[in-house]
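Encoded as structure tokens, the structure appears first; notes follow it.
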Amino acid sequence: MTDSAMLTVSVLVAAAVGMLATASIAIVAAQRARSARADARGLSDRARELEIALGEQTARLRMIRELHDVAAHRMSGVIQVAEGAKAAATRDPGLAERASEQIADSARHTLAELRRVVTATAEAEQLGDARPALDALDGLFAALRERGLIVTVSELGERFPVSEGAGLALYRVLEEALANSLQYGGEGTEVRVGLTWSEQGLHLRVDDDGLRAQARRAGRSDDELVAQGYSIADDAAALTTPVTGEGLREMRARAELFGGVVTATTVPGVGFSLSVVFPALRFHNAVHGVRVGRS
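All residue numbers for the sequence shown refer to UniProt numbering, where the first residue is 1 and numbers rise by one.
Put into structure tokens, the structure is as follows:
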């Protein structure tokens with residue numbers, strides 16, 4: 001082999017070694033970058049899970065505080081009635097007897113409120129051990145049916161996996177919406193729940209006929225409601241008056257953690273309608289590790 005050929009081979013070998021070294025460095029750098037991103041995703045996912053848990057605990061503590069206030073108010077009333085009964089015992093035994101009945105009734109109500117406080121406290125302590133998810137929705141629907149709602153459920157599209165945090169958020173949103181239907185519509189309220197899965201997202205809908213249910217319980221038929229009619233002002237108020245409330249604020253906060261948008265409206269003469277759109281839930285649910293950001 002000539003010197004020129006040897007030189008050419010040496011140059012090619014050197015170039016190949018250099019390219020191999022460069023490729024190796026690039027591969028190592030890429031692996032480290034992926035590892036760093038995975039670590040960051042893990043921290044982000046954990047932070048989101050902790051944020052959800054904190055929201056759960058905050059809601060529980062608020063409920064406990066409210067129940068405590070109710071119980072304390074009732075106890076103040078019991079004390080006042082007892083003092084009055086004590087003063088009236090000698091001069092008006094009948095009044096004292098009536099007061100004792102009132103005291104007993106108030107005490108029973110107070111005991112019930114205190115039991116609710118104990119239950120809520122126990123649930124808060126166990127919160128980290130049992131978190132409902134989408135698989136528990138059938139149980140939720142069954143429980144609300146037992147309490148008087150007429151719940152029909154439709155699910156379209158192919159459900160994709162969601163993280164524990166996203167599943168909990170979806171469950172709580174539906175739980176709050178159904179509780180709202182029961183609270184304002186009462187027994188006999190018909191509720192339609194729809195879950196529509198797209199390739200990337202999810203659309204939740206909850207529609208009830210709470211106003212009609214109230215009218216039915218009052219002895220009025222649906223035909224009478226239709227005949228009554230509704231004014232343009234009724235429609236305008238439904239479109240322009242925002243639906244507010246602590247429950248709705250919590251639903252919005254939960255949905256926003258996963259890129260969701262909540263819309264709540266009233267339908268004149270019918271009831272309440274809730275729409276929650278998660279346009280990119282597949283990538284905003286922490287399974288794929290993309291951090292939710294709002295610009």
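Cβ atoms here follow ideal geometry from the backbone N, Cα and C, with glycine treated the same way.
Counting only the Cα atoms, G84 lies some 43 Å from E250. From the listed residues G201, V206 and G210, the smallest Cα separation to A280 is found for G201. No residue range can be given for L149, since it is assigned to no alpha helix (DSSP H) and is classified by DSSP as neither H nor E.
Burial check for A142: the Cβ neighbour count within 10 Å stays below 16, so the residue is exposed. Take the alpha-carbon of R282 and the one of S163: they are about 10 Å apart. Beta-bridge partners of V262 (DSSP): V276. In this structure, L149 lies away from S198, with their beta-carbon atoms at least 8 Å apart. Here DSSP, grouped into helix, strand and coil, assigns R216 to helix. With respect to G260, G210 sits apart: the two C-beta atoms are not nearer than 8 Å. Taking C-beta separations shorter than 6 Å and ignoring five residues to either side along the sequence, the partners of F160 in its chain run R282, following chain order. Non-local beta-carbon contacts of S275 in its own chain, meaning distances under 6 Å to residues more than five positions away in sequence, involve R205 and T263 in chain order.
One thing to note: F258 has its Cβ no nearer than 8 Å to the Cβ of A177.
The beta carbons of A255 and V193 sit about 16 Å from each other, so the pair does not count as a contact at 8 Å. Under the DSSP assignment, R205 falls in the beta strand (DSSP E) whose first and last residues are L202 to D208. Distance between L140 and S100, taken at the CA atoms: about 41 Å. Secondary structure at S154: strand, using DSSP grouped into helix, strand and coil. Between the alpha carbons of R212 and Y171 lies a distance of about 26 Å.
With fewer than 16 other Cβ atoms inside 10 Å of its own Cβ, L156 counts as exposed. Cβ neighbours of V153 within its own chain (closer than 7 Å, five residues either side excluded): F141 and V193. DSSP, read as helix, strand or coil, puts E199 in coil. T189 counts as buried, since no fewer than 16 other beta carbons sit within 10 angstroms of its beta carbon. Within the same chain, and ignoring the five residues on either side of G247 in sequence, the residues whose Cβ sits closer than 8 Å to its Cβ are E176, A179 and N180.
For V173, the uninterrupted alpha helix (DSSP H) segment begins and ends at E164 to G185. About 5 Å separates the CB atoms of L134 and G167; that is less than 8 Å, so the two are in contact.
DSSP places V81 in the helix class (H, G or I) of the three-state scheme.
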